[in-house]
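Chains as they are written, first to last, in my numbering: chain A, 4 to 504; chain B, 388 to 869.
Quick reminder that beta carbons are idealized off the backbone N, C-alpha and C, glycines included.
Keep in mind that this is a model prediction, so the values were computed, not measured.
Worksheet: the structure to be examined is printed underneath.
Right under this line is the structure:
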């Protein structure tokens with residue numbers, strides 16, 4: 004019996020599919036228009052506004068689809084390649100939101116340069132498109148397509164400021180490692196294909212009992228290689244070596260892009276693939292996940308301890324956070340899939356929100372440093388006594404650090420609560436202890452940041468370090484909004500999770 | 388509604404104190420200390436009125452609010468009171484006033500934000516004492532930590548960052564263990580009844596297998612033992628107490644340690660009666676070790692606040708020993724000890740703060756002969772040291788006596804050792820008094836001001852009243868054991 008026959012061939016493109024796919028279609032259409040716009044007139048302001056408009060509309064479209072009934076239940080299959088449900092669209096909304104933040108924050112980073120930066124915005128849109136394809140994919144081929152689109156555009160962005168000290172190094176590192184990752188992944192996919200004869204996620208490889216035992220090994224190796232490809236992108240230990248260097252070398256908005264869009268999309272597709280393939284029944288795979296998760300929690304948290312550079316610190320902390328998130332993959336049964344998605348998306352949104360907030364402040368300080376004639380990264384010391392001079396920014400920073408540390412009143416705590424729920428239900432006590440110890444170590448580097456923010460200013464420190472009124476009105480409203488959102492969702496998580504129920 | 392109003396009223400008045408500090412409105416210069424003092428007094432009387440007029444039998448938990456909060460996980464916002472929590476909340480309000488008064492002149496910098504943190508901690512503590520939804524309890528449990536850490540880290544002494552981080556990590560990691568246990572309980576509830584529940588009263592009905600209950604109890608126990616603190620989880624306490632500003636130490640020793648004891652009684656004992664009875668010998672051993680170790684370490688200190696901090700470990704050992712003895716006399720002893728220790732350690736830390744303000748040192752070797760120049764302060768010092776070593780006539784004596792009498796029926800040998808702690812406390816108590824107030828006068832110090840006299844006088848008054856008439860708080864009947 005050939006499993007291929009079990010798959011219903013869906014080739015007809017109905018109106019419903021068109022509607023469901025509209026955000027991604029709109030995004031692609033927008034990219035084409037952006038290309039034309041560049042050909043017509045090169046203006047940075049115009050393309051910045053244009054890409055913001057595109058992202059806002061994509062966001063609105065996906066939220067509109069989320070609030071409708073069209074996605075509820077099983078989701079909509081669009082050819083064999085794509086399948087969207089409410090979870091993938093919620094993830095898409097998160098992606099658009101973070102891309103929007105990146106685009107909005109890029110303006111100040113790009114001002115210091117002389118050229119017109121049309122390509123920069125175009126590449127961000129392409130990254131978003133790649134991510135959108137990833138979260139919608141239901142097939143290894145479409146997944147790979149999205150994966151490559153995302154990686155290649157990111158390589159261009161990482162090395163974008165080519166005259167910067169680390170730009171070329173970071174770009175090369177990212178290029179070579181993501182090429183390695185994709186070849187690992189391709190080989191893995193080939194192995195999986197050799198056994199299932201099909202590339203669709205929906206073909207349950209765990210249920211393939213017809214193959215002889217030697218072939219089972221192929222399948223396991225295939226899954227392992229596939230997972231390691233994704234782990235490269237998620238910078239999970241032991242595939243994390245590139246992350247701090249690339250985070251540091253990339254332009255700061257692009258670091259944010261990597262920390263949010265790329266990771267969220269990769270994680271979504273990982274969950275999607277694991278759940279529909281039923282990997283949670285595979286004992287070997289579970290062991291691998293547990294080891295990788297524990298390693299990531301440990302490595303990420305301990306290496307972050309001594310970091311002074313904020314971008315490196317965030318890189319390490321994100322290693323740990325994705326280690327925690329792997330808990331999601333260990334569900335005990337099919338019934339808990341919905342809850343697992345809910346937990347994952349909540350955690351991811353908390354993570355995204357915290358990252359956007361922190362990078363907003365990093366960028367503000369970077370700009371100020373460059374105004375003082377210093378072209379360097381922001382260090383923790385630069386934030387000393389921020390609370391007493393720039394109250395609003397400091398509150399935002401403290402809230403988002405607390406959120407990353409998972410302290411109540413913030414979204415991060417609810418996210419951590421969801422993860423612990425997940426881990427207790429699946430009875431993975433190793434991961435529970437990893438999470439508890441990891442958060443303990445994590446506090447040892449999150450708290451000093453907060454203390455630095457509260458430290459009184461020293462006498463010899465120039466007042467010009469925190470001049471008042473540097474920030475104009477618009478970001479201040481944005482910052483206040485971020486503070487309110489993070490508190491509100493931290494205290495009333497229901498208002499968010501109703502979208503996923 | 389009223390209870391919520393009190394909890395959030397504290398938070399709100401804290402914010403008001405912060406915003407209006409040193410600003411002039413309508414010709415009146417607002418000061419954070421006045422705003423916070425008045426609001427604590429007002430809300431405290433609100434609480435007393437609420438209890439007095441509610442006409443309920445507080446021997447059992449009386450539910451005050453229950454509103455759905457996070458419906459996807461069946462989490463409620465639920466508050467309830469019984470005599471135990473009422474006693475502790477009243478203690479919180481009394482010490483809140485003390486905290487504000489001891490900070491009156493000590494805190495000059497960033498006072499608005501300071502009082503905000505102080506009031507936020509009170510509001511978290513009152514939340515802890517009244518929450519009956521376990522998620523809400525955990526929420527308050529953590530929320531009270533953040534402003535407390537801020538108080539240590541911003542207004543503390545020379546080594547404050549280290550102390551604050553240590554304090555936070557200890558409590559955070561242990562409370563995450565408790566969170567795991569809480570989630571596991573909710574999940575067990577789901578398995579047994581089909582719905583998740585974080586509601587305390589629902590959990591009392593659960594029938595948990597002893598093997599599982601043992602682990603779950605341990606999760607709760609560790610969190611509360613860290614807070615109490617008990618050996619071997621005590622090492623955060625000397626640092627935090629020493630480095631905190633005066634009000635921070637008063638708050639930590641007077642109230643925050645009591646949340647640990649409260650948790651042991653309300654959650655460990657009541658939710659897992661069988662498991663905690665099995666665990667009692669270990670807990671009692673830890674308690675006795677804490678008593679002796681705390682006394683020994685207190686004797687070896689040359690830092691005033693560190694000495695009092697170690698003595699707290701010793702005293703809270705009595706509480707733990709009593710709690711795990713499972714009889715009514717011991718329980719009442721535990722509760723009286725909690726209140727008495729709250730008052731007496733608050734008094735000693737306030738005294739430490741007053742001395743620090745005068746000589747800018749906490750080192751006992753810099754002190755001596757203060758009686759000569761400040762006899763009133765010396766008198767109070769003697770009385771508070773006497774309270775700490777359990778002089779009859781003061782509240783601590785009643786508490787420790789009842790604890791030991793109750794525990795003797797269960798752990799006779801351990802009580803023999805624990806009683807040695809009383810001798811130890813007399814030694815370090817006298818040491819503290821002698822080094823500070825007797826001997827050759829090193830410096831001239833000013834005697835107590837009216838404000839300081841009021842603080843010390845009212846604390847001593849309460850200690851004496853409770854020492855002679857402990858029936859005020861002995862009314863707590865334990866329905867389960869009676």
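| query | Between residue 430 of chain A and residue 838 of chain B, what straight-line distance do the alpha-carbon atoms span, to the nearest angstrom? | reply | Within the first chain, numbered from 1, the residue matching residue 430 of chain A stands at position 427. Within the second chain, numbered from 1, the residue matching residue 838 of chain B stands at position 451. About 57 Å.
query = Given residue 506 of chain A, which residues of its chain have a CB within under 8 Å of its CB, disregarding the five upstream and five downstream residues?
reply = As shown, chain A starts at 4 and ends at 504. That puts residue 506 of chain A outside it, with no answer to give.
| said: If contacts are defined as beta-carbon pairs under 8 Å, then residue 783 of chain B and residue 775 of chain B qualify, I think. What distance do you get, rounded to the angstrom? | reply: Position 396 of the second chain, counting from 1, holds the residue named residue 783 of chain B. Position 388 of the second chain, counting from 1, holds the residue named residue 775 of chain B. Yes, they are in contact, since the Cβ atoms of residue 783 of chain B and residue 775 of chain B sit about 7 Å apart, within 8 Å.
Discussion item. Pairs of beta-carbons, one from the region 698-714 of chain B and one from the region 750-758 of chain B, closer than 8 Å: are there three or more?
Written reply: Touching, no, given that fewer than three Cβ pairs across the two stretches are closer than 8 Å.
Report the rounded CA-to-CA distance for residue 712 of chain B versus residue 829 of chain B, giving the unit in angstroms.
Position 325 of the second chain, counted from the first residue, corresponds to residue 712 of chain B. Position 442 of the second chain, counted from the first residue, corresponds to residue 829 of chain B. Per the coordinates, the alpha-carbon of residue 712 of chain B lies some 47 Å from the alpha-carbon of residue 829 of chain B.
field: Beta-carbon proximity check, residue 119 of chain A vs residue 47 of chain A, cutoff 8 Å
entry: Counting from one through the first chain, the residue named residue 119 of chain A turns up at place 116. Counting from one through the first chain, the residue named residue 47 of chain A turns up at place 44. Yes, these two residues count as a Cβ contact at 8 Å.
For residue 589 of chain B, report the span of its alpha helix (DSSP H) as first-last. The residue labelled residue 589 of chain B in the question sits at position 202 within the second chain. Boundaries of the alpha helix (DSSP H) harbouring residue 589 of chain B: 587-591, taken from the DSSP string.
Taking buried to mean at least 16 other C-beta atoms within 10 Å of its own C-beta, is residue 390 of chain A buried or exposed? Walking along the first chain from the start, residue 390 of chain A turns up at place 387. Buried: at least 16 other Cβ atoms inside 10 Å.
So which residues on chain B does residue 412 of chain A lean against when the C-beta distance must stay under 7 Å?
Start at 1 with the first residue of the first chain, and residue 412 of chain A comes out as number 409. Neighbours of residue 412 of chain A in chain B, taken as residues at a C-beta separation under 7 Å, are given in chain order as 530.
Please identify the residue among B:586, B:722, B:434 whose C-alpha is closest to the C-alpha of residue 647 of chain B. The residue labelled residue 647 of chain B in the question sits at position 260 within the second chain. For the residues B:586, B:722, B:434, the minimum Cα distance to residue 647 of chain B belongs to B:722.
Can you say whether residue 809 of chain B is buried or exposed, counting buried as having 16 or more other CB atoms within 10 angstroms of its CB? Translated into the one-based positions of the second chain, residue 809 of chain B becomes position 422. Buried: at least 16 other Cβ atoms inside 10 Å.
May I ask you to list, following chain order, the residues of the region 433-450 of chain A that have a beta carbon less than 8 Å from some beta carbon of chain B? Per Cβ criterion, the list reads 435, 438, 439, 440, 442, 443, 446, 447, 450.
Practice task
Find out if the Cβ-Cβ distance for the pair residue 223 of chain A, residue 128 of chain A is shorter than 8 Å.
Solution key: Position 220 of the first chain, counted from the start, is the residue given in the question as residue 223 of chain A. Position 125 of the first chain, counted from the start, is the residue given in the question as residue 128 of chain A. It is not a contact, given that the beta carbons lie outside the stated cut-off.
| message | Taking the straight line between their C-alpha atoms, what separation do you get for residue 868 of chain B and residue 714 of chain B? | response | Taking the first residue of the second chain as 1, we reach residue 868 of chain B at position 481. Taking the first residue of the second chain as 1, we reach residue 714 of chain B at position 327. In this prediction, residue 868 of chain B scores a pLDDT of 42, lower than 50, which makes its location untrustworthy; the coordinate-derived value is nonetheless stated afterwards. Taking the straight line joining both Cα atoms gives about 7 Å.
Do the region 411-426 of chain A and the region 325-343 of chain A meet, that is, are 3 or more Cβ pairs less than 8 Å apart?
A contact exists between the region 411-426 of chain A and the region 325-343 of chain A.
* To do: State yes or no: is the C-beta of residue 272 of chain A within less than 8 Å of the C-beta of residue 140 of chain A?
  => On the first chain, position 269 is the one that residue 272 of chain A refers to. On the first chain, position 137 is the one that residue 140 of chain A refers to. Yes, they are a contact pair.
**Study point:** Where residue 453 of chain B falls: helix, strand or coil (DSSP)
**Key:** Translated into the one-based positions of the second chain, residue 453 of chain B becomes position 66. Reduced to three states, the DSSP call for residue 453 of chain B is strand.
What are the boundary residues of the beta strand (DSSP E) that includes residue 86 of chain A?
-> As a first step, residue 86 of chain A must be located in the first chain, where it is residue number 83. Start and end: 85-87.
Are the C-beta of residue 454 of chain A and some C-beta of chain B separated by less than 8 Å?
Against the first chain, residue 454 of chain A aligns to sequence position 451. Interface with chain B (8 Å Cβ-Cβ cutoff): residue 454 of chain A is included.
Buried or exposed, going by whether 16 or more other CB atoms sit within 10 Å of the CB of residue 529 of chain B?
Looking up residue 529 of chain B in the second chain gives position 142. Buried, by the Cβ-count rule.
Burial state of residue 295 of chain A, where buried means 16 or more other Cβ atoms lie within 10 Å: Here residue 295 of chain A corresponds to residue number 292 of the first chain, with the count starting at 1. Result: buried.
request  = Give the straight-line distance between the Cα atoms of residue 634 of chain B and residue 487 of chain B, rounded to the nearest whole angstrom.
outcome  = Working through the second chain from its first residue, we reach residue 634 of chain B at position 247. Working through the second chain from its first residue, we reach residue 487 of chain B at position 100. Approximately 7 Å, taken between the alpha carbons.
Quick one: does residue 497 of chain A have its CB under 8 Å from some CB of chain B?
On the first chain, position 494 is the one that residue 497 of chain A refers to. By this cut-off, residue 497 of chain A is an interface position.
**Prompt:** Where does residue 167 of chain A sit, in a helix, a strand or coil, going by DSSP?
**Reply:** As a first step, residue 167 of chain A must be located in the first chain, where it is residue number 164. Coil, per DSSP.
| field | Residue closest to residue 870 of chain B, alpha-carbon to alpha-carbon, out of B:442, B:538, B:393 | value | No information on residue 870 of chain B is available, as it lies outside the stretch 388 to 869 that chain B covers here.
Between the beta-carbon of residue 567 of chain B and the beta-carbon of residue 130 of chain A, is there less than 8 Å?
Here residue 567 of chain B refers to the residue found at position 180 when the second chain is read from its first residue. Here residue 130 of chain A refers to the residue found at position 127 when the first chain is read from its first residue. Taking 8 Å as the Cβ cut-off, residue 567 of chain B and residue 130 of chain A do not qualify as a contacting pair.
Straight-line Cα distance separating residue 511 of chain B from residue 387 of chain B | Given that chain B is displayed from residue 388 to residue 869, the structure contains no residue 387 of chain B and the question cannot be resolved.
Practice prompt. Look at residue 145 of chain A and residue 85 of chain A and say whether their C-beta atoms are less than 8 Å apart.
Written response: Mapped onto the first chain, residue 145 of chain A falls at position 142. Mapped onto the first chain, residue 85 of chain A falls at position 82. Cβ distance < 8 Å, so residue 145 of chain A and residue 85 of chain A count as in contact.
* From residue 513 of chain B to residue 422 of chain B, what does the alpha carbon distance come to, in whole angstroms? -> As a working mapping, residue 513 of chain B is identified with position 126 in the second chain. As a working mapping, residue 422 of chain B is identified with position 35 in the second chain. Annotation: residue 513 of chain B to residue 422 of chain B spans about 19 Å, alpha carbon to alpha carbon.
From which residue to which residue does the alpha helix (DSSP H) around residue 791 of chain B run?
Numbered from its first residue, the second chain carries residue 791 of chain B at position 404. Here the alpha helix (DSSP H) through residue 791 of chain B covers 782-795.
message = Checking 8 Å against the spacing of the C-beta atoms, do residue 608 of chain B and residue 557 of chain B come in under that value?
response = Position 221 of the second chain holds residue 608 of chain B. Position 170 of the second chain holds residue 557 of chain B. Contact annotation: residue 608 of chain B and residue 557 of chain B have beta-carbon atoms that are not nearer than 8 Å.
Output, in sequence order along the chain, the residues in the region 534-551 of chain B whose CB is closer than 9 Å to any CB in chain E.
Here the protein chains are A and B, and chain E is not one of them.
Measuring only the C-alpha atoms, how far is residue 412 of chain B from residue 418 of chain B?
Position 25 of the second chain, counting from 1, holds the residue named residue 412 of chain B. Position 31 of the second chain, counting from 1, holds the residue named residue 418 of chain B. If I take the Cα positions, the gap works out to 11 Å.
| residue 1 of chain A: which of A:369, A:386, A:45, A:385 sits nearest, CA to CA? | Limits of chain A in this structure are 4 at one end and 504 at the other, which puts residue 1 of chain A out of reach.
*With DSSP collapsed to three states, give me the class of residue 501 of chain B.*
The residue given as residue 501 of chain B occupies position 114 in the second chain. DSSP places residue 501 of chain B in helix when its eight states are reduced to three.
Self-check item: Close Cβ partners of residue 171 of chain A (< 7 Å) along its chain, the five nearest in sequence each way excluded
Solution: As a position in the first chain, residue 171 of chain A is number 168, starting the count at 1. So the qualifying residues of the chain are 162, 165.
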